[in-house]
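In our numbering, the protein residues as written are 220 to 544.
Here it is in structure tokens:
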């Protein structure tokens, strides 16, 4: 188990995240748990609102539900869930259980909407960023080996358009973070605020040479993009946190861009640097006026190379204007 060496710390992190979703964002949460009875006890002991919690016993390999959870789209005015194939970020890690999670949950009638099998195509949710208006932004890393090797870039693009119902694909070639196992997932570096605005990670430290230069190249790419109205995007820079390291001294892919957008609140990762965390909160409050901005300590999560957005996957019901994580 990935978290055995820091189980208490990661449990506390998840409890804070769950409470932020239920209490601040006012959403329901489905939790994959190996031991439902024990998980229920821990949540209850920590004053989690259990009326908003669904527990499901389901084996999984990794915590990063963003990448193997179902992707919600709308077909003919009704939400459906797309179940894509997940293979451990290009067969880097075992994914035999993760790849079955959606079908297991469907068999238990957990979802309110139909699940459509798309398992002939490999994609991870963290590689897809939608503006909700027909544009998908993604990272060129989804073309890396061991994913859809027999398809050209054009074929991958056409498949994404057909399956997701989008009209435009924006490919980001740069901005990969040190310690990233995903080949540069877009949710670590650039996110849509709305169909005309992108918030993106920017380094202000030239001494961090390789990371600084890589993020500058990404910034130039974003400046060259146009939305579907053929207008350049308004770009909002979001600072890159100071480097985080694991116990062996390896750099970790800490980023404030790994935030979760909900109808009521923006939940964003913090890294125990008060000045930087507060600055990120201010930038996010300016980008998302009217939303509650809530930080969640994700120092434990980043130890396994993921953060807040990676650990969640929203199920969005446009008919009822509701969202569940």
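The C-beta atom is built at its ideal place from N, Cα and C for all residues, glycine as well.
Exposed unless 16 or more other CB atoms sit within 10 angstroms - verdict on residue i
i	result
residue 540	Only weak support is given to the placement of residue 540: the predicted model assigns it a pLDDT of 47, under 50, and the value that follows is read from those uncertain coordinates. Counting Cβ neighbours within 10 Å, residue 540 comes out exposed, since fewer than 16 surround it.
residue 525	buried
residue 348	buried
residue 442	exposed
residue 429	exposed
residue 194	In the structure displayed, the chain extends from 220 to 544; residue 194 sits before or after that span and is not available.
residue 404	buried
residue 532	buried
residue 530	buried
residue 509	exposed
residue 538	Because the pLDDT at residue 538 is just 46, under 50, the model does not fix this residue reliably, and the value given afterwards should be weighed accordingly. Label assigned to residue 538: exposed.
residue 223	exposed
residue 341	buried
residue 287	buried
residue 246	buried
residue 295	exposed
residue 482	exposed
residue 255	exposed
residue 233	buried
residue 381	exposed
residue 410	buried
residue 226	exposed
residue 490	buried
residue 501	exposed
8 Å CB neighbourhood of residue i in its chain, flanking five on each side removed
i	result
residue 527	236, 477, 478, 479, 486, 487, 488, 515, 517, 520
residue 375	361, 362, 367
residue 447	352, 353, 354, 386, 387, 414
Beta-carbon contacts of residue i that lie in its chain and below 7 Å, excluding the five residues immediately before and after
i	result
residue 161	There is simply no residue 161 to check, as the chain begins at 220 and stops at 544 in what is shown.
residue 440	391, 392, 393
residue 238	267
residue 469	398
residue 407	396, 399, 472, 474, 476, 477
C-beta atoms of residue i and residue j nearer than 9 Å
i	j	result
residue 397	residue 471	yes
residue 438	residue 456	yes
residue 312	residue 336	no
residue 506	residue 412	yes
residue 160	residue 343	No statement about residue 160 is possible, as the shown extent of the chain runs from 220 to 544 and does not include it.
residue 339	residue 322	no
residue 383	residue 290	yes
residue 401	residue 346	yes
residue 484	residue 512	yes
residue 495	residue 454	no
residue 462	residue 499	no
residue 523	residue 259	no
residue 298	residue 350	no
residue 433	residue 395	yes
residue 464	residue 503	no
residue 316	residue 257	no
Residues near residue i in its chain [Cβ-Cβ closer than 6 Å; skip 5 each side]
i	result
residue 334	300, 302, 325
residue 318	305
residue 359	390, 392
residue 221	523
Kindly provide the ranges of any beta strand (DSSP E) runs that are 3 or more residues long and lie completely inside the segment 386-419, ordered along the chain. 387-391, 409-413
Mind listing, in chain order, the continuous beta strand (DSSP E) runs of no fewer than 3 residues lying wholly within the segment 223-282? 248-252, 272-276
So within the segment 453-526, which uninterrupted beta strand (DSSP E) runs reach at least 3 residues, ignoring any that extend past its ends? 453-458, 484-489, 511-516
At least three beta-carbon pairs within less than 8 Å, the segment 349-364 to the segment 375-389: yes
Quick one: any contact between the segment 235-255 and the segment 268-284, if contact means 3 or more CB pairs under 8 Å? yes
Counting pairs of beta carbons, one from the segment 360-371 and one from the segment 317-330, are three or more of them closer than 8 Å? no
Restricting to runs no shorter than 3 residues, where is the beta strand (DSSP E) found entirely within the segment 275-334? 290-294, 297-304
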